[in-house]
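The structure appears right after this line, and notes come after that.
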Amino acid sequence: MDNIEKTPKYPEKGTNILWEDAPKEETLSETVETMGKPKTDSLKETVDEILSLIKERGMLSDYFIKEADKMKTSINNFLLENAPKGEDDSEFARERAELRKKQIDISELQLNERVGCWRDIALLKKELRDREKELSEREGRAEMIHKILEE
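In this text, residue positions in the sequence shown follow the numbering used here: the first is 7, and each later residue adds one.
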């Protein structure tokens, strides 16, 4: 109760009660700038996201290629460690041939991944160019309107 003021506060004589706490009027150029700002900010975020996607796609492809190389190396090491010593077992020869085929399949997957990655990144870069162009045009128009309003 002690911190409550006992006498009411009245505005000083000559002050406008209705407009005292009202927000300040924006100039026309500020209003125009704030109108296009959400779309411009959205385009900037989209450009950043696309750049991030391009980087992540490249990293994912590199990881896939490295893992496939590890698999091929493991198969190759197994084949070298278990090479026939002397007599040739036909079943073992068939299994070795299957493992070599697996190495070829893995190489084919790597090639497909490289092509797929190139295609994905090319599409992302096209999207990036489109969004950067749209952003540049929007910022150019905003600057032109701002200059016109300043005159």
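The C-beta atom is built at its ideal place from N, Cα and C for all residues, glycine as well. The model shown is predicted, which means the values in this text are computed figures rather than measured ones.
According to the Cβ coordinates, are K50 and L141 closer than 8 Å?
Contact flag set, yes.
Could you pull out every residue in the same chain whose Cβ sits closer than 7 Å to the Cβ of R137, ignoring the five residues on either side in sequence?
The answer, listed in chain order, is L49, T52, V53, I56.
Looking at C-alpha atoms only, which residue of M65, I71, K61 is the closest neighbour of E119?
The option with the nearest alpha carbon to E119 is I71.
Are three or more beta carbon pairs between the region 101-117 and the region 58-66 nearer than 8 Å?
They do not touch, by the three-pair rule.
Check for me: the alpha helix (DSSP H) holding A89 runs from which residue to which?
From DSSP, A89 is part of no alpha helix (DSSP H); its letter is neither H nor E.
In whole angstroms, what separates the C-alpha of L129 from that of S96?
Cα to Cα, L129 sits roughly 49 Å from S96.
L86 and R102 - do their beta-carbons sit closer together than 8 Å?
No, these two residues do not count as a Cβ contact at 8 Å.
In whole angstroms, what is the alpha-carbon distance linking K78 and N88?
So the alpha carbons of these two residues sit roughly 15 Å apart.
How is the alpha helix (DSSP H) around E101 delimited, first residue to last?
96-156 is the span of the alpha helix (DSSP H), which, as asked, contains E101.
Are the beta-carbon atoms of L115 and A74 separated by less than 8 Å?
Yes; because the gap between Cβ atoms is below 8 Å, this pair is in contact.
What's the gap between the Cα of N83 and the Cα of K91?
Roughly 16 Å separates the two Cα atoms.
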